[in-house]
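There are 2 protein chains.
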Amino acid sequence: MGKVVAALSMSLDGFVADENDSVSELFGWYQNGAVEVATADPRWVVHVTKESERFLRTTLGEAGALICGRRLFDRTDGWGGRHPAGCPVFVVSHSVPGGWPREDSRTTFYTDAIAALEAARKEAGDRAVSVSTPTLTRQYLDAGLLDEITVSLVPVLLGEGTAFFGAQVVTPVRLSDPEVIESRGVTHLTYRVLR
Amino acid sequence: MGKVVAALSMSLDGFVADENDSVSELFGWYQNGAVEVATADPRWVVHVTKESERFLRTTLGEAGALICGRRLFDRTDGWGGRHPAGCPVFVVSHSVPGGWPREDSRTTFYTDAIAALEAARKEAGDRAVSVSTPTLTRQYLDAGLLDEITVSLVPVLLGEGTAFFGAQVVTPVRLSDPEVIESRGVTHLTYRVLR
């Protein structure tokens, strides 16, 4: 089985979006370098430092499935049916949005977070399942189902917004020392969850 | 004038103490190595990695004054009158605690946070003023008086507790990329506050 990884860009004070649900202060590192990286979404070409490229090629390259919540799905309009990582998307949602599922998209909908993860792991096989939503991250942490946490730590304080982490039921959650990739506008930190 | 630095050990989810006000999950790096470092407090000898020693010698070595709030002062019993960094302590408090000030201690009390900082900077001269309390960090950030933020980032999620950062009035606060010292049980990150 592949690993389950929660990966998000986060401000130093712990937010993955600001109080207006904007990620503009956090995503600058996707466009602050000279190395062009194409994604599976032709509308989204990034230009990063060579350090961030190394980070991105690993994370985009190893993803076999992606899990997100309805809010992120809606905000990105379902990535137009094709996520930049090029892998199937499993959306945890109370209801299936109008117009979905679509025949041209490998996007499926689940009401149960654990069932979504099981399906995503099956789909991903030996590749990683990437979790892109804070609330799901907490649920999988509490259920002992998360293997890694990758924080792209951005040097900014946002004051308020959507927190990456929150009140897990089971604490403390101890992590390994991180693998560190220092870049411009971001420090990529990859931790293993210790059990 | 010396710089003003906020320096604390913080969990990956942003807490400087857990919900029971304990720092035990965060201070392990002070005793997880082979290098003995004496402090100005003879009761407090630390044993750290050589990487953390490099970090500590810089931060302890450059501190010319320390500012804290009443809660930390009370919890440490005023560090017995002598802070491990060996420098004068400026306590921001609505009232002067019983038994203080003491003739054998360079500890003074201020009701106003800005006045305390002015006095501490005067005392420190060209050396740094170290801010050890989250609420004061936020006040000095908002007042544009903080030069650096040093986070000793500990690989643990606490879920709840006392946050290092909080709702600053003036956001976003943009920071430089950090100087990074990777160690065992901690990653030391030093950011400059950009204005």
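For the record, the sequence lines run as chains A and B.
Mapping of the first sequence onto the working numbering: residues 9 to 203, in sequence order.
Mapping of the second sequence onto the working numbering: residues 9 to 203, in sequence order.
Cβ atoms here follow ideal geometry from the backbone N, Cα and C, with glycine treated the same way.
Buried or exposed, going by whether 16 or more other CB atoms sit within 10 Å of the CB of residue i?
i: B/T115; result: buried
i: B/V56; result: buried
i: A/E33; result: buried
i: B/P163; result: buried
i: B/V53; result: exposed
i: B/I122; result: exposed
i: B/G106; result: exposed
i: B/R90; result: buried
i: A/T179; result: buried
i: B/V177; result: exposed
i: B/E111; result: exposed
i: B/P50; result: exposed
i: B/E156; result: buried
i: A/S17; result: buried
i: A/T119; result: exposed
Taking C-beta pairs closer than 9 Å, name the residues in chain B that residue i reaches, listed in chain order.
i: A/V159; result: L20
i: A/S184; result: P163
Return no unless some Cβ of chain B is closer than 9 Å to the Cβ of residue i.
i: A/R62; result: no
i: A/G41; result: no
i: A/R203; result: no
i: A/S191; result: yes
i: A/V45; result: no
i: A/D26; result: yes
i: A/F172; result: yes
Are the C-beta atoms of residue i and some chain A residue less than 9 Å apart?
i: B/F35; result: no
i: B/Q147; result: no
i: B/A175; result: yes
i: B/T141; result: no
i: B/A48; result: no
If the cut is a Cβ gap below 8 Å, which residues of chain B does residue i touch?
i: A/Y199; result: L20 and P163
i: A/T195; result: D185, P186, V188 and L197
Are the Cβ atoms of residue i and residue j separated by less than 9 Å?
i: B/L197; j: A/L161; result: yes
i: A/S101; j: A/R78; result: yes
i: A/G10; j: A/R182; result: no
i: B/L144; j: B/C95; result: no
i: B/V99; j: B/L154; result: no
i: A/V24; j: A/F172; result: yes
i: A/Y199; j: B/L68; result: no
i: B/V7; j: A/T195; result: Limits of chain B in this structure are 9 at one end and 203 at the other, which puts residue 7 of chain B out of reach.
i: A/A175; j: A/R146; result: yes
i: A/A42; j: A/V139; result: no
i: A/A151; j: A/G72; result: no
i: A/E190; j: B/D185; result: yes
i: B/N40; j: B/G169; result: no
i: B/L149; j: A/L165; result: yes
i: B/E59; j: B/V45; result: no
i: B/G86; j: B/S103; result: no
i: A/P92; j: A/T47; result: yes
i: A/L74; j: A/V31; result: no
i: B/G22; j: A/G167; result: no
Which residues of chain A have a Cβ atom closer than 7 Å to the Cβ of residue i, listed in chain order?
i: B/L166; result: T179 and P180
Can residue i be considered in contact with the ligand GDP, in the sense that its beta carbon sits closer than 8 Å to one or more heavy atoms?
i: B/H91; result: With respect to the ligand GDP, the structure offers nothing, as it holds no ligand at all.
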